[in-house]
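Residue numbers (my numbering): -13 to 87.
In what follows, a single structure is set out as structure tokens and then discussed.
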Ligand SMILES: [Zn+2]
């Protein structure tokens, strides 16, 4: 849903920018003021979407007890469920051992 917000905003801004370009290349006069509003609005919506996504991710790390890989209930104080936490721990241990070599 947030992704839709971002794409919608970027798309609106891009569409307005293309419209302005066409007008200026075609020598059809100055673009109407709403095109600039649309670009500004579209970018604002996209930035808002990015910010919301960032906050949602932070939120999930701090409060949400769901595994970020599979969505199952996560272990307290962790962002992973049991099986994924084990997986990640093993991977990290292997990486640490590789670093030592
Ligand atoms: Zn999981």
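Glycine residues also receive a C-beta, built at the ideal position from the N, C-alpha and C atoms.
Beta-carbon proximity of residue i to residue j, cut-off 9 Å
| i | j | result |
| --- | --- | --- |
| residue 62 | residue 51 | yes |
| residue 35 | residue -12 | yes |
| residue 65 | residue 54 | yes |
| residue 41 | residue 21 | no |
| residue 38 | residue -9 | yes |
Helix, strand or coil at residue i according to DSSP, with G and I counted as helix
| i | result |
| --- | --- |
| residue 51 | coil |
Nearest-angstrom Cβ-Cβ length linking residue i and residue j, presumed shorter than 8 Å
| i | j | result |
| --- | --- | --- |
| residue -5 | residue 32 | 3 Å |
- prompt: Can we say the region 7 to 15 touches the region 25 to 41, given the rule of at least three CB pairs closer than 8 Å?
  reply: Here the region 7 to 15 makes no contact with the region 25 to 41; the two share fewer than three CB pairs at distances below 8 Å.
- prompt: Just the residues with CB closer than 7 Å to a heavy atom of ligand 1, in chain order, which are they?
  reply: Those satisfying the condition are, in chain order, 53, 55, 56, 58, 66, 67, 69, 70.
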